[in-house]
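Residue numbers (the numbering used here): 129 to 537.
Structure, as structure tokens:
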Amino acid sequence: MKIEKIINKESTRCINVAASKVESLRINNDLQNTVRVYDKNAIGVQGSLGRADFDELEKAAAAKLAQGIPYPETHDKVQVLNIDTAKFIFDKKDFIPKTAALLERLARENPDFLFSNKLFLSSVEKHYENSDGTKLDYKGNAYALGLVIKFKGSANIMDEIYSATSDYYNEDEICRDIKLECDAFLNNIPQIEEDEAIIIGSYEPIQYALEHFIADIYFNKSSLLDGKLGQKIFNDKLSVLINRDPETQLAIPFFDEEGVINEGYKNYLIKNGVFEKTVSCKKSAAQYGCENLGSASAPYNGVPGIGAGGFEAENTANTLEELLKGRKAVYLSNTGGGDMTPSGDLSIPSIVSYLYQDGKLVGKLPEFTVTGNLFDILGKDFIGVCKNGFFKFGRQKYFVYKAKLVNKQ
129 MKIEKIINKE STRCINVAAS KVESLRINND LQNTVRVYDK NAIGVQGSLG RADFDELEKA
189 AAAKLAQGIP YPETHDKVQV LNIDTAKFIF DKKDFIPKTA ALLERLAREN PDFLFSNKLF
249 LSSVEKHYEN SDGTKLDYKG NAYALGLVIK FKGSANIMDE IYSATSDYYN EDEICRDIKL
309 ECDAFLNNIP QIEEDEAIII GSYEPIQYAL EHFIADIYFN KSSLLDGKLG QKIFNDKLSV
369 LINRDPETQL AIPFFDEEGV INEGYKNYLI KNGVFEKTVS CKKSAAQYGC ENLGSASAPY
429 NGVPGIGAGG FEAENTANTL EELLKGRKAV YLSNTGGGDM TPSGDLSIPS IVSYLYQDGK
489 LVGKLPEFTV TGNLFDILGK DFIGVCKNGF FKFGRQKYFV YKAKLVNKQ
């Protein structure tokens, strides 16, 4: 028999913004407790909110073993580790006045726009222990903002969005980024003539394909990647991984929901173009005989399953200019309604995009759709990934590739 105990504490202050003004402050303090009992390849789970009697939770979880929910009982290397990455961002009492000052400045510097939505100041504490002797503790925090931007002359509910997450606060950097975006939005420029362009985006091509990396889909031969595990099928420079390194991640524990710590806190789905692993947890790893990715997630009162906390692509360059080498590109700021066919053909409609040239966002382009095959975009047409680009605040990454533009307006 094996017993696991998990305690998850989250404290979040959320400021709601409307018409460039602070509207309200909401404070949430959540405490979730979980006990899992494993015996004879079955699992019983009992969770609770708030203060908990763990002896009672254990009894309830053990009683649920009779339900026969299948799950492997594993016994890993015993580890005891405590990591605290929390940094001082600003005093909690300053959250409202700092946000009010930020919004006042944004309205003053960008008079054609209104700002709304939410800003967050959050902290996370997570404890995992099991009957084998493993004890893991993590603390972390983050400041995040997701501001919806509306052009005053528009009939739309929203026209743009600026989002960023960091472990520090810098009003100058935030205002610089948003003004950069607003100025470019106001400068409408003609559609680019080329039918193929360099695209600067997020992880859209990989996100549309992520389900095909899931162990249950792959080993049941329902994946676009069927039969390709262990093969080099993408660009040499492309590496996609689960990264839970506490030195680089914000408010993400260094262990997953099953207490798994990957070597160096990293585990690769794709490494140097090779499809190395599927997205799996302990259950799917045992079921299909594959390696566990160490990215399990779980509700506080439910059975663990697959997750993707810490998902990212590894940097191939330090700056955007290193990747572009002076070439112009299209920045996909806001996309929606995309899809991928069973053969891997991607369609990513651009809602708002900008021409990027000579180190700056030149202006807003008319709408179009980005298309290309997944194996080309992540293969011969993949250019690279970097963390330093035109935005200064936060930890945004830039995923760069070539693709075709269709349905140009």
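The beta carbon of each residue, even a glycine, is placed where N, CA and C say it ideally should be.
The structure presented is a predicted model; accordingly, all values stated were derived computationally and were not measured.
Setting aside the 5 residues that flank it on each side, Gln160 is surrounded in the same chain by Asn136, Gly175, Leu177, Tyr428, each with a C-beta closer than 7 Å to its C-beta; the list follows chain order. Contact between the stretch 414 to 429 and the stretch 497 to 510 is absent: fewer than 3 CB-CB pairs across the two stretches fall below 8 Å.
Shown here for Leu308: same chain residues with a beta carbon closer than 7 Å to its own, the five before and five after excluded, namely Leu489, Phe518 in chain order. Between Thr497 and Gln359, the alpha-carbon positions lie close to 31 Å from each other.
Boundaries of the alpha helix (DSSP H) around Cys310: 299 to 314. Each residue's CA atom was taken as its position, placing Asp384 and Pro432 some 10 Å apart. By the CB criterion at 7 Å, Cys142 and Lys246 fall inside the cutoff. In the displayed model, Gly438 falls within coil according to three-state DSSP, outside both helix and strand. By the neighbour-count criterion, in which 16 or more other beta carbons inside 10 Å mark a residue as buried, Pro494 falls on the exposed side. With a threshold of 16 other beta carbon atoms within 10 Å, Asn535 falls short and is exposed. In this chain, the beta strand (DSSP E) harbouring Ala531 covers 526 to 534. Taken in chain order, the whole beta strand (DSSP E) runs of length 3 or more contained in the stretch 400 to 446 are 439 to 441.
Of the residues Tyr336, Gly329, Glu324, Leu275, the one whose Cα lies closest to the Cα of Asp305 is Leu275. Ranked by Cα distance from Pro198, the first of Ala235, Arg164, Gly281 is Arg164. Going by beta carbons, Ser423 and Ile479 fall outside the 7 Å limit.
In this chain, Glu138 is not harboured by any alpha helix (DSSP H); it is covered by the beta strand (DSSP E) spanning 130 to 146.
Per DSSP, Leu366 has no beta-bridge partner at all. Between the alpha carbons of Lys133 and Leu264 lies a distance of about 11 Å.
Within the same chain, and ignoring the five residues on either side of Gly281 in sequence, the residues whose Cβ sits closer than 8 Å to its Cβ are Asp240. In the DSSP assignment, Glu324 falls outside any alpha helix (DSSP H) and lies within the beta strand (DSSP E) extending over 324 to 329.
Within the same chain, Cβ atoms closer than 6 Å to the Cβ of Val528 are found at Ile328, Leu451, Ile511, Gly512, the five residues on either side in sequence being excluded.
For Lys278, the enclosing beta strand (DSSP E) starts and ends at 263 to 279. Proximity to Arg236 across Asp295, Phe313, Asn269, Lys149 peaks at Lys149, based on C-alpha coordinates. For Ser251, same chain residues with a beta-carbon under 6 Å away, outside a window of 5 residues either side, are Ser139, Asn269 in chain order. Residue burial is scored here from C-beta neighbours: Met129 has fewer than 16 other C-beta atoms within 10 angstroms and is therefore classed as exposed. By the neighbour-count criterion, in which a residue is buried when 16 or more other Cβ atoms sit within 10 angstroms of its Cβ, Phe218 is exposed. The residues Cys303, in chain order, have a CB closer than 6 Å to that of Arg233 in the same chain once the five nearest residues on each side in sequence are set aside. Straight across, the Cα-Cα distance linking Ala189 with Phe521 is about 45 Å.
Contact between Ala414 and Pro200 holds: CB atoms are separated by about 4 Å, below the 8 Å threshold. Per DSSP, the unbroken beta strand (DSSP E) holding Phe243 starts and ends at 241 to 258.
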